[in-house]
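Read in the UniProt record's numbering, the sequence shown has 72 at position 72, and its numbers run on one by one without any break. Presented below is the structure to which this report refers.
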Amino acid sequence: MARKVKTEKELGEALKSGADEIEIEGDLAKKTIRIRATGQVAWAIAFGAIGIAAFATYATLGTGGTAGPVAAPAAGFTAAAAVGILGIPATTSAIAIAIAAGGVGALTTLRKYKEISRTANSITLKKR
Numbered sequence: 001m002a003r004k005v006k007t008e009k010e011l012g013e014a015l016k017s018g019a020d021e022i023e024i025e026g027d028l029a030k031k032t033i034r035i036r037a038t039g040q041v042a043w044a045i046a047f048g049a050i051g052i053a054a055f056a057t058y059a060t061l062g063t064g065g066t067a068g069p070v071a072a073p074a075a076g077f078t079a080a081a082a083v084g085i086l087g088i089p090a091t092t093s094a095i096a097i098a099i100a101a102g103g104v105g106a107l108t109t110l111r112k113y114k115e116i117s118r119t120a121n122s123i124t125l126k127k128r
């Protein structure tokens, strides 16, 4: 039975736990389709940018906000590359998924899942 998720946090946790099948519902399904549909070269650029933005967020959270003045500009500049490729909603979701799963490697894991069904409001993925 597929693990149903509606939020980036739930999706990150499902990926982190290695769920065999994930059903993504609502607006997150559309963002996930966008993340998965990105070509390899564009994905490499977006992946690096998302990684830096996620790291900047970790740094800010881990220091109680004191790293914010240093980390925020780095996150802003690098996230712009990902936004240009994925768009703002998908980039925001990708960063949130990476944070929830504990790293940007979860996004590569997400892209490795096989799509087994798609409706107007959901996408179901199966681990390869």
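Glycine is no exception: its CB is placed at the ideal position from the N, C-alpha and C atoms. Computed from a prediction, not measured in an experiment: that's the story for all the values here.
Report buried or exposed for residue i, applying the criterion of at least 16 other Cβ atoms within 10 angstroms of its Cβ.
i    : result
T119 : exposed
T38  : buried
K114 : exposed
G12  : buried
P69  : Because the pLDDT of P69 is 45, which lies under 50, any placement of that residue in the model is unreliable, and the number read from its coordinates should be weighed accordingly. Classification of P69: exposed, given that the 10 Å Cβ count is below 16.
A80  : exposed
T108 : exposed
K112 : exposed
Can residue i and residue j be called in contact, C-beta distance under 7 Å?
i    : j    : result
I35  : V5   : no
A29  : S117 : no
E21  : A2   : yes
I85  : A42  : yes
A106 : A96  : no
Looking at the unbroken beta strand (DSSP E) that takes in residue i, where does it start and where does it end?
i    : result
T38  : Element bounds for T38: n/a, residue is neither H nor E.
K112 : From DSSP, K112 is part of no beta strand (DSSP E) but of the alpha helix (DSSP H) over 105-112.
T124 : 122-126
Report back the beta-carbon spacing between residue i and residue j to the nearest angstrom; my notes put them in contact at under 8 Å.
i   : j    : result
V83 : T91  : 5 Å
I50 : A94  : 5 Å
K31 : A101 : Between A101 and K31 the Cβ distance is about 15 Å, and since that is not below 8 Å, they are no contact.
Between which two residues does the alpha helix (DSSP H) harbouring residue i extend?
i   : result
K16 : 8-17
T92 : 88-101
Counting contacts by CB-CB distance shorter than 7 Å, is residue i in contact with chain B?
i   : result
G84 : Looking for chain B here will not work: only one protein chain is present.
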